Every structure is written in structure tokens, then in C-alpha cells.
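Asker:
There are 4 protein chains.
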Amino acid sequence: MDFAHSAKAADYLARVGDFIRTEIEPVEADYHHELAAMDDPWVVLPVIEELKAKAREAGLWNLFLKAESGLANVEYAPLAELMGRSFIAPEVFNCNAPDTGNMEVLHMYGSDEQKKRWLEPLLRGEIRSAFCMTEPDVASSDATNMAATAVVKNDEIVLNGRKWFSTGIGHPNCKVAIFMGLTDPDAHKYARHSMVLVPLDTPGFKLERMLPVFGRHDEPFGHGEVSFTDVRLPLDAVIAGPGRGFEIAQGRLGPGRIHHCMRLIGLAEKALELACERATQREAFGKPLANLGGNRERIADARIAIEQARLLVLNAAWKLDTYGLKGALSEVSQIKVVVPNMALDVIDMSIQLHGGAGMTDDFPLAAAYAGARSLRLADGPDEVHRGVVARIELKKYSS
Amino acid sequence: MDFAHSAKAADYLARVGDFIRTEIEPVEADYHHELAAMDDPWVVLPVIEELKAKAREAGLWNLFLKAESGLANVEYAPLAELMGRSFIAPEVFNCNAPDTGNMEVLHMYGSDEQKKRWLEPLLRGEIRSAFCMTEPDVASSDATNMAATAVVKNDEIVLNGRKWFSTGIGHPNCKVAIFMGLTDPDAHKYARHSMVLVPLDTPGFKLERMLPVFGRHDEPFGHGEVSFTDVRLPLDAVIAGPGRGFEIAQGRLGPGRIHHCMRLIGLAEKALELACERATQREAFGKPLANLGGNRERIADARIAIEQARLLVLNAAWKLDTYGLKGALSEVSQIKVVVPNMALDVIDMSIQLHGGAGMTDDFPLAAAYAGARSLRLADGPDEVHRGVVARIELKKYSS
Amino acid sequence: MDFAHSAKAADYLARVGDFIRTEIEPVEADYHHELAAMDDPWVVLPVIEELKAKAREAGLWNLFLKAESGLANVEYAPLAELMGRSFIAPEVFNCNAPDTGNMEVLHMYGSDEQKKRWLEPLLRGEIRSAFCMTEPDVASSDATNMAATAVVKNDEIVLNGRKWFSTGIGHPNCKVAIFMGLTDPDAHKYARHSMVLVPLDTPGFKLERMLPVFGRHDEPFGHGEVSFTDVRLPLDAVIAGPGRGFEIAQGRLGPGRIHHCMRLIGLAEKALELACERATQREAFGKPLANLGGNRERIADARIAIEQARLLVLNAAWKLDTYGLKGALSEVSQIKVVVPNMALDVIDMSIQLHGGAGMTDDFPLAAAYAGARSLRLADGPDEVHRGVVARIELKKYSS
Amino acid sequence: MDFAHSAKAADYLARVGDFIRTEIEPVEADYHHELAAMDDPWVVLPVIEELKAKAREAGLWNLFLKAESGLANVEYAPLAELMGRSFIAPEVFNCNAPDTGNMEVLHMYGSDEQKKRWLEPLLRGEIRSAFCMTEPDVASSDATNMAATAVVKNDEIVLNGRKWFSTGIGHPNCKVAIFMGLTDPDAHKYARHSMVLVPLDTPGFKLERMLPVFGRHDEPFGHGEVSFTDVRLPLDAVIAGPGRGFEIAQGRLGPGRIHHCMRLIGLAEKALELACERATQREAFGKPLANLGGNRERIADARIAIEQARLLVLNAAWKLDTYGLKGALSEVSQIKVVVPNMALDVIDMSIQLHGGAGMTDDFPLAAAYAGARSLRLADGPDEVHRGVVARIELKKYSS
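Chains as they are written, first to last, in the numbering used here: chain Z, 1 to 399; chain B, 400 to 798; chain H, 799 to 1197; chain P, 1198 to 1596.
Here is the structure:
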């Protein structure tokens, strides 16, 4: 048992950390102000493209993809944590969701043609993508509820349905969505669905509205509600062929949840740092806040909660690397329960220490809270993941 | 001991409840959509004035003010709960904060002149007002930190300082703010401050910006950051004379906290109702959500938490009526700790049951969460109120 | 709405409070030491009989029974709270469980003969009784699981089965148990069971063992595991006739849960008092414990939790008085969830403030913890009561 | 980063696990029954000596001591977890507290003479020892409070004072206690105290009483209150010389806390196993308990909490191995906060699933609860450890 980072991971950690500190953090507040002041904030500000170019040049690019970076999940995870400290870092390093998951899917399951058309520009950071899975009219926690259809008709696949929480679909560079729909209701329940690449200019696709999440639109990415009405595409738009949607979705989820969770841990670390700064610098009743009431206990609890959560995620990443997704099913669900709840607690504590200011956008805390809260629902609500953990636990006892 | 409402309270309860159900609820969703669609949402939509006129005609007007309605705190409290179910009801019944507190202050401490100029149009619902207490640069939980000044110079009082979280200051009808500042640093610590009525068109007053609170501006009321630079007013703008600011602030807080807490209880009831509707109507894994996992336990816990909190507030209101603020100090701080935290738990549970939809504005839950969260800080953070409760508790044991 | 005690309740409160302070508290520690030092602690020490005589003489006797005291539940509840502060007070006032419930049952359902033989000596405090409901081999939370039988054969009723957690059965004066068993499996599910009065010297009855509860036997009352093997009794030992067991059990539960909960509130108050004494008297790091870390916050939270729980119980008692058990079903289950958990939190906090001493028997806290913990299971576990609350809540939404 | 056990640790894990399953678990229930039935339970039953002999023969002996076993803390930790599943396993493997800590102290700081007289028979499992640190009359969480004295007079050291929670002092083989007392109040605060080896037959030493902890005496070890009245010993009874008590105490604490925490994790695992067995085997309302309400969620939460806590302890052990105690200060305090609280939650959940049976001694749960609860106080209460964590955290922000 060895809790030290590999030499390679340690090297990337130093370099990504440096880049964030010297290139991103000094400009991030200005970036947000500039964006907030725009009439149309659904744009990519020039600073983003400049930072992307620098990151790419520095070799800090596409680190999430083992085929590119050679990094195992347990090595990439701490880099994702660093990126999670900043709202813009993931895009700067071309490591932002849902593009990361979409690129993995294309890397593993895409045809040469699909790779050339979509994966390559994604890897170059030229375009962005969306993932259309969740539906407004059914409980998406139960995948068998899915109502959207992807029906094969001759040499075409025809898509119909309504999706929402399609993250990133508002981005001006978003050019393609991966749509999941029911193809064959009579097939085995894991062979009924297909994943289809939908260029956003395909007739029948419509962006109905952008959804506010806890009052925010998260420009320029955003979360869209979209409709597909008789969207017709050639069969080669189907990833890996009809009926393989579930299989692909499964493979996408393990690393994706590791990434989400590690970014949240970075956000929680950032929130704790802000809390400590506030607690040592602000005074009331003649003392720094750190010396009032239970504030130190809360800071200690936050530190402990972050450490526990990080170790749980790193262990899950190591299991995923070592035993594959099947050998890490419970672990991946465990982190999906623990980390967003932990992050919410830490961020909320930090907000409280900041007083009213913590609720405004003068600090990144209210936005962090909204982001962390959405991850108690996205990619499966807590309740479903607890169900997975319990099922695996109890299986040992069934006679 | 009798937990039944008085006949008078019961009658108002029926009438206010009816009015909300028949007049307000049917139009509220449209109101929010209409407002959200406006380029400038800092307006009073006509429907609000129509509803105000109806409420006034129905005798459901200014119920918070005992001198007007004859209702004790314990009788008004359940009406405030009903109003809290809706974002617009408090204004419709002319019972919204901070106007209620400001009207009470003017009623109790205002000169005839002040009453005529400000109280009367407030009571008629013609103008709105703000309250400028909290400051951005100091921990406002410790009132002795207050940096703003209200200095008497000859027959004028001169105001300087910066305030924020001045709620309602964005309202187009907001005409006056009550400002609190330091007048005499050498006086007894409870006789140092003054409260001054500041017409918003007074030179030197500036609305610096509107603050987002958890991503929302709460138009058309809003929360402002404002500056006072050599604002000069005649001495008769001071309420009850220089040095009485603390005394007035104290009197304002008891009923105000009762109102806030009861409105939050209404909001929590609304959130629980929505949760129950969702739990019985939405299905996953072949069952209504109500029959999955711990959902029933969470609904039970919400019901129990609301009941406990409501009784605590009603008891505090009764103590306030029976023994005055001094006899209800601990109770008022107790409710200020319990109720916002309880409401947050219930609203969060309801959001989780709603899935992604709960985070959007398709339901009033995300907005309710932001509102409840801000009340863990406004009017004193949890920590300060726990300190009050503990101080009173431990006093019994000091030798 | 009026939170003041009735004159009658206030008078009893003063008198019971006085009696506890002047007669019971001064001797209680000695009582426990004396008992702990005995080889056979299953005895009634003389001081108990002396105190009982004094209480009876003072008219502070059988206050739980409205027919005797004229006190409504909402009036008796605060007296039960006072008694709950002491381990011996309930017996001193002849108000201890399960005798109170058994006396109520006999009062309401007993034949004249049953009353004469059992109720009268119970009311005089001459004998004690037990209640045999829970079974070791089935989940007693589901009453339809009950395996014990009470079969009518000619003019006899024949009892078979095993029961446990028969509280009080170790008491030297315990002379009778009320046994519940299945009489007619084909009857309506609420008409299948009978309650039978079993003199403890009846052949076939056996006290198998006394159960430790969290390491304690709670002498001289105790919790027994008992067996009934072909116990034959004349039919007039059946309370209210065969098949009425459920009906009787239901009626017994409402007031019984009020009593349990109020006694626990008294125990929590006692624990909080001890915590405050310790916090103000003990020093570490140069300060009284009260001024260290989050201790004040914990004391405040305890005060708040007790207040909320007490109001919830009083309201439930008032509902029971006003609308009967059917009108208070949710409320009675609510208190059964809230109060033991609240008491455990407060007692645990107090133990922690006492350091190691809190875990020993030098303070009544460890014993209090065990007692409160058992009430999360006795009379229905938390989970079943949450189920009742949720069922009633959701019924409003069923179409 | 590698979460796999070393080959050596894996080998011991298999062997210790086997031994517990085949040798200890089959006899443990009988052991407890036999002991419980004895008039004098302060004895070592023959089965213990037999098991000790077998364990020693199998080379599963003194594994805690690196000098004997060659195992690093991170390698021994999972073995401690296995031992913690059973109440008797630690003694069987000669790895029980406080002997382990005492042996470490003698190994590191003892003179040859001290080693020969005390360490060797301890390592052979022939004698047992106690540790006398905590005092009844002062808050021991603040070590500077210590009132006991160890005064050098000529060639003797004279001990006075009262200690309690001297664990193991009731064991019939307990022959020696390590006493800590104040030697030189004028020295630097970390050089004031001495540790002295006190044979229990030394005049002036008195075992005042055995303390019940949550109603249990934990025979045959027990927790004693002891007095030292002019206990005179030659100076060579002082470990490492006068004034080095603090230094020695510090070194003792790191590994000791790792051991305590890992044993508790084993206990929590055991409690979770029992919960799962109960949940799958017991039925109510026509379903196994596992399928009722929130039971699965609670099982999932327990699994997650155990995993997080275990990783935190293993990481702390690795830090201790890699960077020494100074490099693991925060980590050691973190586990001391997390693990007992986690274990209490899991055990309590398991008790609740067991119904009344969980509170009796038919299952090891009530005893486990008492043991885990005492570790929220022993070796420093939660509050002190949170203080350490916060201090280290905030140090980064001090200017």
C-alpha cells in the first residue's frame, strides 16, 4: 500500500498546479466580470482561446484520455481535482464535461469516419459537444423509462423525443450531440437503445430553451431542453451500431464519475481555503472569526470530510484501473453519493463564514453550491447510487 | 393550554386562505413567466396592483399591524404562514418585509410629520421602503462593528457609509430608506446610533449595484448595495431623535423574526405539498416514488420538522404577546436558528424528489431554497442566535 | 391559542416539583448506591415505600388517571416530565409504566371482578404488573406476526408462547401480567387477538431470564423473557372478552406514548442541566468548558431541541384530549419518533461534556442513555412510526 | 499510488483471518456465556490460554511490534481491524491495549533492566499491564491540568495522586502500571512530567473501585479508579529518566490511535455484517427487513462510511510510517474524530435493525456500542482532536 503519487502524476500535478496559479487564477475574476457584463454571454471570450493555446503548447492537454496522456485514472484524478478549483480550467485544459465522456466514447466505439469528423476536432478543442440522455417527462433514474426513440428505417435512423439537462448545448462551438433513444423494445433490456451522433444543424433538432439551474444559466455552456422531431440520419451516425447504447453508456460512466467527483473535491478545497482566509482575516466581537464558537470545529470537520472523500475517489479510480468497471461498481456509486454531499457541506459552511457576501457572486461560493447540488441528481440521484451499493452489499448474504 | 386558534384568527385564516387559493395561486405562474420575459423586470406588473386593490377591499390589508387589524402576534403568525406560500402574496396583502418592520417603527417611534409623509402612503401600499443596516466591510453580526456614521451638525444630520443587502431598494415604488449609523461613539453602547429616514432622491445617496443572491436578483424588489456620501438631512429626519437607533432596532426585531419564520414555514409546507404530489404521481422502477427507498421516511421527517418548528414559532409569538420582547429573547433566537434550517431541509428534500426539474424555475423550489438560505444570515446568522440562546441558558448557572 | 398551563395543572406542577426537589432528589443518589451494593438488588428498599406513602398523603398519587385526578392528558403531561427527571419518581407517585397503561386498560375494559382483584391493589400501589406483548422470534413491529396463542377451549383460555421485554416482571411485587395472543386466525385482522390477565403463579408461566438492556438490568423492575406453556385460565381472565386485544392495545397506546415521551423530556432537561453545571464549573485550557469550541452551540441546540419536542408532545396530548386517538394518530407517531432521538442527542452531548465520568454511574447519564435508546424500539420502532406519519400525509394526495 | 496490500501483509491477513474464523469465532459465544455465569468473572478462562498458545505457535503473536514482526503500521493496521471484530482476539494475539502501547514504550525507552523485568513477560503474554494517566478531578483533555505528582527525593521517586480509567487493571495477571505525574512544575511544559513503572504490590497503591462504563465492567480487564499515596520507588523505576513523560506519551499515541481506530473499523464491519444478515433473514409486513423503508439506504451509508474511515486510517498509518508522528499529527487526530463516531453510527443502525434483541447481550452490539462510545473520550475527546486538526489547517493562513 503506497499513498504517494507516481512520478509521472507528481510531475503533471506540479505543472498543472503552476499553470492554474500563474495563468488562470490571475485572470479568472476578470473573466467572470467581463462575461457578466455582456448583453449576450453565450460567447467564448478571447482569453479562453489564449489560455487553451498555452495549455496545449505546455503539453497540458487532453490529459483525461489515457491514449493521449498515458495517465491511469488514479493518476489523472488529482489533476481533475486541481482543475475543479476553477470554473474555466477544465475547458482550458480540454478536459471539461461532457466533452471528455463524449471523446472517450468516440475513442472506444467510434468508426474511423466518426473519429475523423468529430473526435479529432474535439481533441483539438475546436468544437464542443453535448450529451442528450435525460428526459423531462419520465424519471430518468430508471433508464427503462426512456421515452425517446431511435428507430431504424431502411438505411436511416429516425430520432424522436425530448431531452433536457443537455449540458454545453448553449456553447457557440457546440456542433454535435450524442442522442440516446429506444430502438428495439423487444430486445434484451440492455440491447434496446442506440447512441446517435446528431449534428446540431440537422433538420428536426430544436433547442427549446436554456434551463436555469438554481437561478444560473452557466453561460456559455448552459443546460438545454431540446426536441428531436423526425430527425433523420444515415445509419453510420449510430455509434457502434444500433442496440449498443446501454453498453456504451455504462463504459462512459465510470471515469466520468471519477472526474466529476475529483473536480468537486477541488471545489471543496477551494471553498475551505476561502473559509480559512475569511476566518483568519475577518473579526467580530474583537476576535477573528476562527476563534468564535464552533468555527474551528467546522473547519476541522471540513478538512476531515475532504480527506475521506478524496481517498475514496482515489481508491475507486485505482479499482477501476485494476479491476475494470465491473470490479468497481460499488466504489463508483459510493463516491457519487459521498462527494457531492460532502462538497455541499463544505461550501455551505464557507458561505456561512462569509456572511451575506458568500451568497453573492463576489465569491465563487454560491455558484459552487449550485454546481455541487446539481451533481446530487446528474448521472443518477443519490438514492439510486445508494441502491446500487446496498444491492452489492446484500448480495453476499442471499442464500 | 389551548392549541386552537382564536375565533378572529380562524376567520382571517379562512379568508386569507381563500383569497390565496382563488385570487393569487391561479395567476402566480403567469406572473413569474411574464416578469421573466421582460427586458426590464424592475417593474410592478398590473396584476399586482389589481390584487392589492382586491385584498384591501376584502379587508385583508395591513394585517401585521395590531393597531390596524387588532391581531396579536400569535394570531397574525398563521396568516404570515399562508402568505409565505407565495412569492407575491406578502405584497398583495401589504405585509411584505422590510416594509412591515419599517411601518412598525414609524407607527411606534415616528413623529406626526414622519407618519404623514411616510407611514400613510406605506399603509396605503403606494410606496415601498428599504432598511439600510448591514455593511459590506465589517462583520454585521457584531453591531458594534458598524462603520457608517450619522453625525449631527447644527440642525442637520450628515450620513456617510456603505450598506448592502438593502432589500426592496430596487422596487420602482421604493421612495425611502431607513439608515442606521453611528452618532456618538462616546455614548453608552446602546445609545450611540441613530435611525434616519432618507428619501432616495437625496443628494449623496447612490444605488451602487443590485446584488445577486444565489444567482437571483429577486426582481422587482432586489437587494442593493448603496452608498451614502455626505447625505445631509434636517434633524427631523431622525426617528425618535439621535442616539435611539439601537432601541428602535431591538423593538423591530421580535415581530419581524416571527413574520420571517412563519413565512418560511409556509414555504416549507408548500415544498412538502409539492414533494407529496411528485411522490404520488411520478413513477420509477414500476412504483410511485413514494414507495421507493427512504422517501416515505423523508416525507415523515419533513412533516415532523414543520410541526415542531411551527409550534416553536407560535409559542414565541405568544410569549412576545404575553411577556414582551425581554421575556421572549431566547425564544425569538431559537426560532431564528430552527426555522431557516428546517425549511432548507424540507425544500432540499423536495428538490431531490423532483429530480432535475426541481433545480429549474419550473417549480418554485430553487427560488425557495435561495430565500431560505439567505435567512440563515439575514437578521443575525445562526451562530449569533445560538450564542444568545446559550447565554440565557447558562446565566441560570453562573454563581 | 394559549400556552399557559391551566390553574389546576399549574398547582400540581408546583406541588410535584416541590416534592421531587425536597423529598426525592436528596435521597436518590443514596438509593442507587444502596441498591447497587446489594447482593440481590431485586428488592423494594424501604425508602421507596416511605416516599410512596408521603406522595399518596400529599394527594400526588395516580395523577395519570383522569378518573382519579381529573387531569386531561395535556395537564398531566408536564407532571410526567417532572417525574421523568428521576428514576424512582414514577413509582413514588404510582405513575410508572407499564402499570399506568395496565391500570388504564383495567379501568376502561375490566370487569368488576377484574377491577377488584387487580386494579384496586394497583391503584393502591400494593402490587405491580407486567405487559407481555413483544416476542423474540418475530418482528414485533408487525403485529400480524404475533405467534403466541390464546385459544378458547370450553370455559377456559389456554395460553402458549414466548414473550420478552416484559418490563417490570422482575419486581418483587409484580403479581400479574397482561398477555396478548392469537385467538381466532380467521377473524378480521383486528379481532383475532385477546388480552388475558395471568397471575404470575399460574402453572405453565415461567420467567426464563432477565434481559440486560445496554448492559443494565434496571433492578428491581427489569425486563423479562417469559414463556407460557399451556397456561390455563378461566374465561373471565380475558379482558373484555376474546378477540378484543387489538382494540384494547390501541386505546392503551396514545396516552402511554405521551407519558413515555414526557418522561424522556424530563430526562433530557436533567441531562441539559447537568451539562450546564459541568460547563460552567469545569475548566480546561484556562477557561470553563462553556467557553471552549462549539460547546455553547451544543447547549443552545439542546435547549432548542427540547423546546420543540415538548411543544410537539403537548400539542399531541391536546389533540388526544380534543379529538381522541383517531384525531391524533399522526401526532402520537410523530412524538414517538422525535422525542427518544432528541433525548439521546441531549444526553450524549451531556456525557461528552462530562468526559469519562459521564460514562460511569457517578452521573445518571449512561443509564439515561440506555433508557432513551430502548424507546427508539419499544412501542414500535422509529421506522414504523415514520411509516404511519407518511401514510397519513400521503393519503391527502391519493386520487 | 497503490491500494494493494504488500505480500507480507496479505499473507498475515489470510492467516489471522483464518485463525479468527476457525479458532476464535466458534468458541467466542461460549466464552462470554461461561464468563457471564461466574460469580467472580475477574478470571482468565482456560480457553484464552489455549488460544494464546496456538496463536503464538502459529507465529501470530506480537504482530503490532515492528521489531518483532517487521510489519509497518500500514501493514499491521488491517490485522488490527480483523482482531477488532472479536472481544477476545486482541488478547489471543497478544495485541491488546494498553499492553501494546506499554510494550512499545518499554521497547523504545526502557532500560535493559526494565525490559527484562517487564517487557519480556509482557511479550510472552504472561503478565498484563495498565496505564495511569487520566484523573477524575481535572479535565484530562488539557494535559497541563494533571494533578498527580512524581517527585524525586534523593534516590527515590515518590508518587501521589488519583487516576481513573486505568484499563486492564482488574485483570488477574496485571502486575504493573505505568504512572504519569508532575515532577518539576518549573521546567518547560513538555519536560515537567515523568513516567514511572509501579508494581501493583507497591505499598501506597490502591485499587479504589472498578468503574462501570455504560453499565459494563468489561471483565476480566475492567477500568479502575486507583490511588497512589506516597508510593516510593527507586529512581530506576522511572522510564528514560525524570521529565521525559510527555515525550514518551507523544510517541505512544500515534500507533496506539491507529490500533484503536482499526479495531473499531473491524467492530463496525462486524456490526454491518450482522445488520445484513438480519435484514435478509428477518421478515415484517411480508418482506425481508432489507426491503422495507430506508433500510437499504442505511446499509449503503454504513458501507460507505466504513470504506472512507478505513482509507483515512490506512493513509494516516502510511504517513506515520513515511514521515513520522510530526508528519502525521493532523491525520492521527482526524481518524480519532472520525472512526469512533462512524462506528457508533453503524453499530446503532445495526442495533435498530435487530430490534430489542440488539440491546441485549444476545448479540455483541450493545457491548460494541459502549466500547466505541468510550473512544470518543479516551485518548482525547473529539473536541480536542478537532482543535488539533483546525490548528494545523489554519496555521497555513496566519500571517
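All C-beta atoms, glycine included, are put in the ideal place defined by N, C-alpha and C.
Note that this is a predicted model, so its numbers are computed, not measured.
Out of curiosity, what's the CA-to-CA distance linking Leu671 of chain B and Met748 of chain B?
Answerer: Cα to Cα, Leu671 of chain B sits roughly 8 Å from Met748 of chain B.
Asker: Go through its chain and collect everything with a Cβ distance to Val402 of chain Z's Cβ below 7 Å, but skip five positions before and after it.
Answerer: Shown here, chain Z extends from 1 to 399; a query on residue 402 of chain Z therefore has no answer.
Asker: Report the option in B:Leu412, B:Ala546 and B:Ser510 whose CA atom is closest to the CA atom of Ile480 of chain B.
Answerer: Per the sequence shown, residue 480 of chain B should be read as Glu rather than Ile. Among B:Leu412, B:Ala546 and B:Ser510, the Cα nearest to that of Glu480 of chain B is on B:Leu412.
Asker: With distances taken between CB atoms, is the gap from Lys206 of chain Z to Val238 of chain Z smaller than 9 Å?
Answerer: Cβ atoms of Lys206 of chain Z and Val238 of chain Z: not closer than 9 Å.
Asker: For Trp563 of chain B, would you say it is in contact with chain Z, using Cβ-to-Cβ distances shorter than 9 Å as the test?
Answerer: At least one chain Z Cβ lies under 9 Å of Trp563 of chain B.
Asker: Residues in the same chain with beta-carbon distance under 7 Å from Pro1382 of chain P, minus the five sequence neighbours each way, listed in chain order, please.
Answerer: So the list reads Arg1389, once near-sequence residues are dropped.
Asker: Near Phe246 of chain Z, which residues of its chain fall below 6 Å by C-beta distance, leaving aside the five closest residues on each side in sequence?
Answerer: Hits under 6 Å: Tyr190 and His193.
Asker: Could you tell me whether the segment 265–279 of chain Z touches the segment 197–212 of chain Z, using the rule of 3 or more Cβ pairs below 8 Å?
Answerer: No, the segment 265–279 of chain Z does not touch the segment 197–212 of chain Z.
Asker: Is it buried or exposed, Pro571 of chain B, if we count other Cβ atoms within 10 angstroms and call 16 or more buried?
Answerer: Exposed: under 16 other Cβ atoms inside 10 Å.
Asker: For Gly1185 of chain H, return the contacting residues in chain P, with the cut-off set at a CB-CB distance below 7 Å.
Answerer: Near Gly1185 of chain H (Cβ distances below 7 Å), the residues of chain P are Gly1490.
Asker: Who are the Cβ neighbours of Val415 of chain B in its own chain at under 8 Å, not counting the five residues just before and after it?
Answerer: Leu459, Leu462, Leu478, Leu481, Met482 and Phe492, listed in sequence order.
Asker: Tell whether a beta-carbon distance below 9 Å holds between Pro1238 of chain P and Pro1485 of chain P.
Answerer: No, the Cβ-Cβ distance between Pro1238 of chain P and Pro1485 of chain P is not below 9 Å.
Asker: Between Met1343 of chain P and chain H, is there a C-beta pair that is closer than 9 Å?
Answerer: False, the Cβ-Cβ gap to chain H never drops below 9 Å.
Asker: Quick check on DSSP: helix, strand or coil for Thr1158 of chain H?
Answerer: Looking at Thr1158 of chain H - three-state DSSP - the assignment turns out to be coil, as it is neither helix nor strand.
Asker: Counting only the same chain and skipping the five closest in sequence on each side, list residues whose C-beta sits under 8 Å from that of Leu518 of chain B.
Answerer: Taken in chain order, the residues that qualify are Met502, Leu505, His506 and Gly509.
Asker: Could you tell me whether any Cβ in chain Z is nearer than 9 Å to the Cβ of Cys1473 of chain P?
Answerer: Cys1473 of chain P counts as touching chain Z.
Asker: So if I threshold CB-CB distances at 8 Å, which residues from the segment 200–231 of chain Z count as touching chain B?
Answerer: Going along the segment 200–231 of chain Z in chain order, one finds Leu211, Pro212, Val213, Phe214, Gly215 and Arg216 with a Cβ nearer than 8 Å to chain B.
Asker: At a Cβ cut of 7 Å, what residues of the segment 528–541 of chain B count as close to chain H, listed as they run along the chain?
Answerer: Answer set for the segment 528–541 of chain B: empty.
Asker: Expressed to the nearest angstrom, what Euclidean distance is found between the alpha-carbon atoms of Arg1479 of chain P and Leu1489 of chain P?
Answerer: The alpha-carbon atoms of Arg1479 of chain P and Leu1489 of chain P are separated by roughly 11 Å.
Asker: Check whether the segment 1201–1210 of chain P touches the segment 1262–1275 of chain P, taking contact to mean three or more Cβ pairs, one atom from each stretch, closer than 8 Å.
Answerer: The answer is yes - the segment 1262–1275 of chain P touches the segment 1201–1210 of chain P, with three or more Cβ pairs under 8 Å.
Asker: Sorted by chain position, which residues of the same chain lie with C-beta nearer than 6 Å to Arg1030 of chain H's C-beta, five sequence neighbours on each side aside?
Answerer: Cβ neighbours of Arg1030 of chain H beyond the five flanking positions: Glu954 and Val956.
Asker: In the DSSP assignment, the alpha helix (DSSP H) including Ala413 of chain B goes from what residue to what residue?
Answerer: It spans Ala406 to Phe418 - the alpha helix (DSSP H) in which Ala413 of chain B sits, taken as one unbroken run.
Asker: If you compare alpha carbons, which of B:Gly580, B:Ser540, B:Cys573 and B:Val575 is closest to Val551 of chain B?
Answerer: Of the candidates B:Gly580, B:Ser540, B:Cys573 and B:Val575, the one whose C-alpha sits nearest the C-alpha of Val551 of chain B is B:Gly580.
Asker: Any beta carbon of chain H sitting closer than 9 Å to that of Ile1496 of chain P?
Answerer: No, because no Cβ of chain H sits closer than 9 Å to the Cβ of Ile1496 of chain P.
Asker: Using DSSP bridges, identify the partner residues of Leu1031 of chain H.
Answerer: According to DSSP, which records beta bridges pairwise, Leu1031 of chain H is partnered with H:Ile955.
Asker: So what's Thr1346 of chain P in DSSP terms, helix, strand or just coil?
Answerer: Strand at Thr1346 of chain P.
Asker: Ala1088 of chain H versus chain B: which residues are under 9 Å apart at the beta carbon?
Answerer: Here the neighbours are Ala789, Leu793 and Tyr796.
Asker: Does the Cβ-Cβ distance between His1183 of chain H and Ala699 of chain B come in under 9 Å?
Answerer: A contact, by the Cβ cut-off of 9 Å.
Asker: Give me the subset of the segment 355–384 of chain Z whose CB atoms are less than 9 Å from a CB atom of chain B, sorted by chain position.
Answerer: Taking 9 Å as the Cβ-Cβ cut-off against chain B, the residues of the segment 355–384 of chain Z that qualify are Gly355, Gly356, Ala357, Gly358, Met359, Thr360, Asp361, Asp362, Ala366, Ala367, Tyr369, Ala370, Arg373, Ser374, Arg376, Leu377, Ala378, Pro381, Asp382, Glu383 and Val384.
Asker: Just tell me which of P:His1385, P:Lys1263, P:Asp1433 and P:Ser1363 has its CA closest to the CA of Asp1309 of chain P.
Answerer: Ranking the options by Cα distance to Asp1309 of chain P, first place goes to P:Asp1433.
Asker: Please compile the residues from chain Z whose C-beta is within a distance smaller than 8 Å of the C-beta of Ala727 of chain B.
Answerer: Under the 8 Å cutoff, chain Z gives no residues; its nearest Cβ is about 23 Å from Ala727 of chain B.
Asker: Specify the secondary structure class of Trp441 of chain B as computed by DSSP and reduced to three states.
Answerer: Three-state DSSP puts Trp441 of chain B in coil, outside helix and strand.
Asker: Taking C-beta to C-beta, are Ile1056 of chain H and Ala1107 of chain H nearer than 9 Å?
Answerer: Cβ atoms of Ile1056 of chain H and Ala1107 of chain H: not closer than 9 Å.
Asker: Use the C-beta contact count for Lys1331 of chain P: other C-beta atoms within 10 angstroms, 16 or more gives buried, fewer gives exposed.
Answerer: Note that residue 1331 of chain P is Thr in the sequence shown, not Lys. Thr1331 of chain P is buried by the Cβ-count criterion.
Asker: Does the beta carbon of Ser350 of chain Z sit closer than 9 Å to a beta carbon anywhere in chain P?
Answerer: No, Ser350 of chain Z does not count as interfacial toward chain P.
Asker: Report all residues from its chain with a CB closer than 7 Å to the CB of Asn1293 of chain P; omit the five preceding and five following residues, and keep chain order.
Answerer: The residues are Pro1287.
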